[in-house]
Structures are given as C-alpha cells and as structure tokens.
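Enquirer:
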Amino acid sequence: MPAGERRSARRVPPRRSPLWGPLVAVIGAIMIVVVLILYAGGHGGGTVTETGQSDAATGPDTASVLPGAAGGTGGAGTPRASASPAVVSGCVSGKNISAGSSHQTLRVGADTRGYQLAVPAGSIPARPLPLIVVFHAVGENAAAVEGYTHLSEVGARSGYAVATPDGVDGKWNFVRRPAAGPDDVAFVAALVNDLTARTCLDAQRVFATGLGDGADMAVTAACALPGVFAAVVPVASAVIPAACASPAPSLLAIHGTSDPVTPLDGGGADRPAPFDGTQAQPMEARLGRYAGFVGCGPAAPWIDDTGSLGLKRLIHTACPGGRDVGLLAVQGGGHVWPDPGASPPAGAARPRFSATEVALAYFRGHPQPAPASASPAAGTPTQAGR
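Each residue of the sequence shown is one higher than the one before, starting from -17 at the first, in the working numbering.
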C-alpha cells in the first residue's frame, strides 16, 4: 500500500492475550476445526506445537513433534515435491538444514534473491517440516515484518520452518506486470523448490501470510501455484486476483474496520503506475469471489463478537475437501498487524488478539487435503491470475 501505511510496532516480547483461549474457540466454531476447539481447552502459558500440545505441560521437546510423523512422508506414503516435478525432496535424499536462523540466497532467472529462514530446534529429517512464507508490507524487508509479527520466533518455537523473503526495493509484484518488477511468483516457487530440495518439508502444510502488499502477494502466489499452499492468512489486504486455480487454498482474512489505506468496504486512493487499478476492492465481495474459487457455498450471516473480542466474523460454508473461507473484521482496527502489545495507528482501537496466534492456529487446522494417490511430485506451477 502507499507510503505511510501504519504497522504494529514491537513493544513487548510475544505473549498470549488473556482473550486468546476464547478467540481460538470462536475460530474453531466458525471453521468447524476440532483441533482449534481442543486447543482452547487449556493452553497454559506455553507454545502450542503441531500436535496441539503445550510445551508448558509436556516439556520443550514437544516442539519437535511435527506433522506427518507417523508416515514421515506428508500423508500419501511418498514424499512430494512442493512446486516442481524436477525437485528431489529432502525427505528422499536425506538432506537437512540445521536449526537456527540464517540468510539464504537463490538465483531466479538473472536475479539473485534473498530470504530469511528460521528452522526449529530439534527438527528430525524423517519428520517433514511445515513451512510458513511471510511477506512484508511495501517499503519494508524481512527484518521489519519479523519486528511486528514475531513469526520466525514464535513459528519456529511451534515447530514450523519460517521463510521471510525480501521484495526488490521493498515491493511485491502482486499485479503480475513486468513494469512492476521481477516475477515474484517465480521467486516464491523457486523458494519452495529450494527448501524442498534441501530439507524434508511437509508438502501438505505449506502456508502463506503477510501484511498490506505482502498480504496481496501471499494470495497472488497461492492462486498462481495450485497445490503448493494449503492455507493463506492475508492481513489488511486490498485485492483478489482476477483468476485463481481451483480449488484454491483455505483463506482467513483479518482486516480492520477503520483501515484508511485498504478500507473494508473498498475504495481509498488508487496506486500510481505500474500498480494502478489496484484500489481496494470491497472485502465482502472479494471474499465471496475467492470462496467461488474454492468451491464454497454462500456466506452465513455476520456474527458480532464486539462485546468480548472486538470483532465481527463472516464464514463461507459448504466448501470441498475440508477447506473454508472466512473473515475476522477487527472493530475499530487500522492498517496494522493486530497485536495486543503494539501501538495502533492514531484513532484506531487497540487489537485484543494476536494475528500471529490466529494465523498459527488456522494453519494447524488446515493442512492440504491428502492426495487421492501417491505421487512423487505436485506438478508444475501454473501462472493463473494477473
């Protein structure tokens, strides 16, 4: 979004909001995801792992209990490459990336692109790692988005590998126009392929999230790379691509009702060329359009949780393959990544929940549906959308 967009500034170390338990129960009821409801029953004060257990109760080693551990293959009995049939999975080759945080580079065409990578401690090569790709807002970089989402820190503690790519000059080419910069969809595909080849990823648990332009990039990549992403959580997004490979992944949008940059009801300032024509689309209409890409039924009536949680929720039901599409509208929220410990923009309400915690809970409950038959590859990505 335009220069000057407001984001959450880090104030305190990541922690759980006292309303986190009720909020997870709400999301579980909306999305009909039993694991989220179970999590609300007694999370204690620790990090929730992929098994839904708390490390406060079971000890730090539970953070290494990762999805797909029973079969060690991501669900179908044979590890799958995440974005290209030419990639040999680290699950097959035995390759593994050491735990910790590091800066990674890779060649995409004629360009050298970079991303930050966090790998959880105690990860075991035979147990595939779920992956979260986090996209920064316009004018930022990987360090900036980590400063308000803490996803590399909290995600890795919860058993995820977290990749945070850098856009060229702080921008994302979510409009898919050569004049807007390099092909960032190709960059995302190359990033997933790179990690697929170098370690054992769980191809059924690859997720994306971001803020502002980063949120739009997350959705664009998910639409353009069918079968790669299982779920997306866009925060303060503006647009949905004109086309999306079907069935699209599950999506939970988070958006402030007082967002002046990307208004919930659409409008706001249009972008200068080459991003012109990306004025914010009305959220309810574009959510319905995306639900059509997924194959969902009509939206249920709005549910108002203003009293306890400070939000309204909207859900599209009757989606195939365990998918769903929903919206958490933060009452009085601005153009920020919600976090109870961060300062909101002037005149905006302080969020009562953490978008980071919500995203992790949503990802836990939304793996990619298991393929009908074992396959050594997920197929070649297509270039749907703008």
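Glycine included, each C-beta is placed from N, C-alpha and C at the ideal position.
Predicted model, so just to flag it, every value in this text is computed and none were measured.
When you compare the CB positions of residue 178 and residue 318, do they come within less than 8 Å of one another, or not?
Expert: Not a contact, by the Cβ cut-off of 8 Å.
Enquirer: Under a three-way DSSP split, which group does residue 268 fall into?
Expert: Looking at residue 268 - three-state DSSP - the assignment turns out to be helix.
Enquirer: Which first and last residues belong to the alpha helix (DSSP H) in which residue 398 is found?
Expert: With the chain represented from -17 up to 368, any question about residue 398 goes unanswered, as that position is not in the structure.
Enquirer: Using CA coordinates, which residue listed in 296, 340 and 163 is at the minimum distance from residue 90?
Expert: Ranking 296, 340 and 163 by Cα distance to residue 90 puts 163 first.
Enquirer: In the DSSP assignment, the beta strand (DSSP E) including residue 287 goes from what residue to what residue?
Expert: Its beta strand (DSSP E) spans residues 285 to 287.
Enquirer: Reducing DSSP to helix, strand and coil, say where residue 22 ends up.
Expert: Its pLDDT being 36, under 50, residue 22 is placed unreliably in this model, and the value from its coordinates should be taken loosely. In the structure shown, residue 22 sits in a helix (DSSP, three-state: H, G or I).
Enquirer: Would you list the residues sitting across from residue 143 in a DSSP beta bridge?
Expert: DSSP output for residue 143 lists 113 as bridge partner(s).
Enquirer: Using a Cβ-Cβ cutoff of less than 6 Å, which residues in the same chain neighbour residue 403 once the five nearest sequence positions on both sides are dropped?
Expert: This structure gives no information on residue 403, because the portion of the chain shown stretches from -17 to 368.
Enquirer: Using the Cβ count rule (16 or more neighbours within 10 Å means buried), how would you classify residue 228?
Expert: Result: exposed.
Enquirer: Mapping DSSP to helix, strand and coil, what is residue 93?
Expert: Strand, per DSSP.
Enquirer: Taking just the CA atoms, how far does residue 195 sit from residue 176?
Expert: Approximately 24 Å between the Cα atoms of the pair.
Enquirer: Between which two residues does the alpha helix (DSSP H) holding residue 338 run?
Expert: Its alpha helix (DSSP H) spans residues 337 to 346.
Enquirer: With distances taken between CB atoms, is the gap from residue 72 to residue 180 smaller than 8 Å?
Expert: Yes, the pair counts as a contact, with Cβ atoms nearer than the cut-off.
Enquirer: Since residue 98 contacts residue 124 with CB under 8 Å, what's their CB separation in whole angstroms?
Expert: At roughly 4 Å, the Cβ-Cβ gap stays under 8 Å, so residue 98 and residue 124 are in contact.
Enquirer: Does the Cβ-Cβ distance between residue 128 and residue 152 come in under 8 Å?
Expert: No.
Enquirer: Just to confirm, are residue 234 and residue 119 a CB contact at a threshold of 8 Å?
Expert: No; because the gap between Cβ atoms is not below 8 Å, this pair is not in contact.
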